[in-house]
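Final position of the sequence shown in this note's numbering is 678; the numbers increase by one with none missing. Where a beta carbon is used, it is the ideal one built from N, C-alpha and C, also for glycine. For reference, the structure discussed in these notes is given below.
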Amino acid sequence: METIRNWLLPALFAAGQIAWLWPGAGLVGEEVPGAAAVVAVLGAVVVETAALGRRRRTPGRALAWSLGALLLGQLAWEDGYFGLGTLVALYSVAVRRPVRVTVRAVAAAVGVEWLLSLVQVGMRPELAAQWALGALVYVVCAGLGEARRQWLKGRSLAARRLAGAEETRRRAGDTERQRLARELHDVSAHHLTSVVVTADAALRLGDSRPELAAEALSFSERAGTDTLTSLRRLVGLLRDADRPDPRPMTARIEELIAGFGRLGRPIEAELPEDLAGPAAEAVHGIVREALTNVLRYAPGSAARVSVRRGDGVLELTVDNAAPRGSAPGGAGGLGSGRGVAGMKERAAAVGGELTAGPAPGGGWRVRATLPDITGPWGPAEGAARSDVLREQRLADPALVFAATVLPLVFALVTVEEWTGASVRAAVPALLVVAVLLTVHAVPLLWRRRAPWAALLGVLATSWLWPAAVAGAALPSRVSEFFAGGALAELLAVYAVAVYGQGAARTWPAWGAAAVSLAGTLVATAAADGELQGEASIWFAAVVMSVLLAVALAAVFAALWAAGLAVRHRRLRTLARDDYALAGTLWHAERAADAERHRLAAKLHDTVLHRTEALIEEARQGRLEEVAAGARSALAAMRELLHSLGDSEDPDTARAIKARRGSP
């Protein structure tokens, strides 16, 4: 299957190129190259095909060979060699290599393309359009590849996390058995065995050294007490299903919130910087379940997490707004039905309380009060917290470049038909257009982090067009190039649909963009005098604005709907990952917890009461009963160790049996 994926696209490119070489070009009246050129083109096709076949393993080399094939094919047959392999190879570099490598690859590809254009076109006016178009195509291709790389990176991380969670779940019970085996071995080796040896020695030498009996009884009482203390401590640890983590929890909770925020939900957070201990662990679990419920039942609604420290308590509040409509794209059927109950159990486990229900202003509120026995935690000196939301992207600058350069390409193609004097006279006006188009596209850099702000910035800067036409007296044939800047509005509306706060609240974007763009274009036309011949300029402007707004609204609405579809698809994918991970971790916790309770009960029934009896016998001076009791407790403990060796995991079983057989 992998071989087909690697070679199918190169084979299609090669077949298309050969079909165009013969008989395609001849059938449509194109000039067919001579024999030498045909050989060169076929050689370029072979090189390109071989290079693309290895683009997934060595994308850099594939691009280098594809550029060489492009030079050979274009020089041999300028109008007939396609050279599409260069774009595919560059895309592969962007998907599989870091951004810095991609930037160098784009520079190399653009340099080769510009060199070919210079050789083929020469120093003529159309060279500028050729260069701009070549740079645009390669930059956009690299941007799409970078966007794909970021998505695959997230999917790979999710897969690794799920695999790790599955391994944790599988080994949860065995891990607990292994930990208990270590503890029991330490207890038996250092305490009970010493009691048996000391008591036996005192019994054997009792006739010759009667003082040993008193020493043995005293030692047995002390050792038995130490054994009992160790066993009770072990039972307490086993019954504590959520062992406190001494490390600070704030960073982990922030990372959890940031992970949910990347799913498209706006989440505000207010946390102390020094959360630690069992209460902080409970906060982490409650926040995870509460935000999972937001994703499940109110996808896209705004949420807020607040943790405040009071007099010895932590007050946790998780609020989310009410969903609009039927919450399309949600995953209400994936829940286990124990979300609120599980949160209440988690709060009760640390001595706290939790309530969940409708919020006063609508939506849902989860509120918990947890005893904060740990108190503020002081971080280690020099500890730094990483920004988990910072990600490097090439896609956004590529889109800004496209929104700026594409209208300029159309302008340069149009300018090719002008006379030399007209071009020279229009250079200042063209520079003004280029600057304003750049300013118009720059807000797209924030389309992911602040999509609404990016849209408002794009709409606001478009009103500089009529102002520039009126103030700088731009000629009509130059000002018409502003219409190409509408690409920025299209990209901004799409960004609001995909990344905006709450999918149901993004619908005004397409209407606002249509009205604003229609008004801008009509105002620009009025400013350069195109409406001067109308009987009533204002009436004509209003009519044209309404008609143009209706037409643009259909386009923007379709693009907005496409953005929503992409948003919901991504949400469903990420939600499935999150549910799978949360479910796996939950089962791992439950498996370990069940193993702890089972082993704690067995330890109490088989060893603890024997050790208590041993201490009582030692206090009453019954040395023979002490020796017998120590042997009984030691035998029970060894039997328990033997039962722990019956593990489903061979490695764990071998480790436990090896420890049981050690002295």
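- One alpha carbon belongs to P338, the other to A313, and they sit about 5 Å apart.
- For D289, no beta strand (DSSP E) encloses it, and the DSSP letter there is neither H nor E.
- The beta carbons of G472 and P458 sit closer together than 8 Å.
- Closest in alpha carbon position to P490, among A444, R585, T240 and A529, is A444.
- Under the DSSP assignment, D334 falls outside any alpha helix (DSSP H), being part of the beta strand (DSSP E) whose first and last residues are V328 to N335.
- Counting only the Cα atoms, L218 lies some 20 Å from A650.
- Sixteen is the threshold: since fewer than 16 other Cβ atoms of the shown chains lie within 10 Å of the Cβ of D326, the residue is exposed.
- The way I'd put it, the region 163–180 doesn't touch the region 139–149; fewer than three beta-carbon pairs between them come closer than 8 Å.
- In chain order, V447, L451 and L489 place their CB closer than 7 Å to the CB of A483, counting only its own chain and leaving out the 5 sequence neighbours on each side.
- Residue environment analysis places A34 among the exposed positions, since fewer than 16 neighbouring C-beta atoms fall within 10 angstroms of its C-beta.
- When secondary structure is reduced to three states using DSSP, P386 falls in the strand class.
- Taking a C-beta distance under 8 Å as the contact criterion, A50 and G95 do not qualify as a contact pair.
- If you look at E631, you'll find it in the alpha helix (DSSP H) that goes H624 to R634.
- Shortest Cα-Cα distance from D608 to any of D189, A633 and A468 involves D189.
- Rounded to the nearest angstrom, the Cβ distance from G367 to A317 is 26 Å, too far for a contact under 8 Å.
- Below 8 Å, too few C-beta pairs join the region 511–519 and the region 552–563 to call them touching: fewer than three.
- Secondary structure note for G534: its alpha helix (DSSP H) is the uninterrupted segment P523 to A542.
- At the C-beta level, L600 and A29 stay beyond 8 Å of one another.
- Straight-line measurement puts the Cα of V641 at about 20 Å from the Cα of S223.
- Within 10 angstroms of the beta-carbon of P375 lie fewer than 16 other beta-carbons, which makes it exposed.
- By the criterion of at least three beta-carbon pairs nearer than 8 Å, the region 566–578 is not in contact with the region 156–170.
- As the crow flies, the alpha-carbon of G160 is around 35 Å from that of E304.
- By the Cβ neighbour-count rule, F497 is buried, with 16 or more other Cβ atoms within 10 Å of its own.
- Closest in C-alpha terms to A284, from the list N335, N21 and W525, comes N335.
- DSSP, reduced to helix, strand and coil, places T73 outside both helices and strands of the structure shown, so it counts as coil.
- According to DSSP, residue pairing for A371 in a beta bridge involves V381.
- Counted as a single uninterrupted DSSP element, the stretch harbouring V320 is not any alpha helix (DSSP H) but the beta strand (DSSP E) occupying residues A318 to R324.
- Residue state for E141 is assigned as helix, using DSSP reduced to three classes.
- Taking a 10 Å sphere around the C-beta of R462, we find 16 or more other C-beta atoms and assign the residue as buried.
- In the structure shown, A456 falls within a helical segment according to DSSP collapsed to helix, strand and coil.
- By the neighbour-count criterion, in which 16 or more other beta carbons inside 10 Å mark a residue as buried, H455 falls on the buried side.
- Here DSSP, grouped into helix, strand and coil, assigns A313 to coil.
- Around the beta carbon of S233, fewer than 16 other beta carbons lie within 10 angstroms, which makes this residue exposed.
- Within the same chain, Cβ atoms closer than 7 Å to the Cβ of V328 are found at T384, L385, P386 and D387, the five residues on either side in sequence being excluded.
- Here the alpha carbons of A371 and F425 stand approximately 59 Å from one another.
- If you draw a straight line from the Cα of G98 to the Cα of V54, it comes to about 16 Å.
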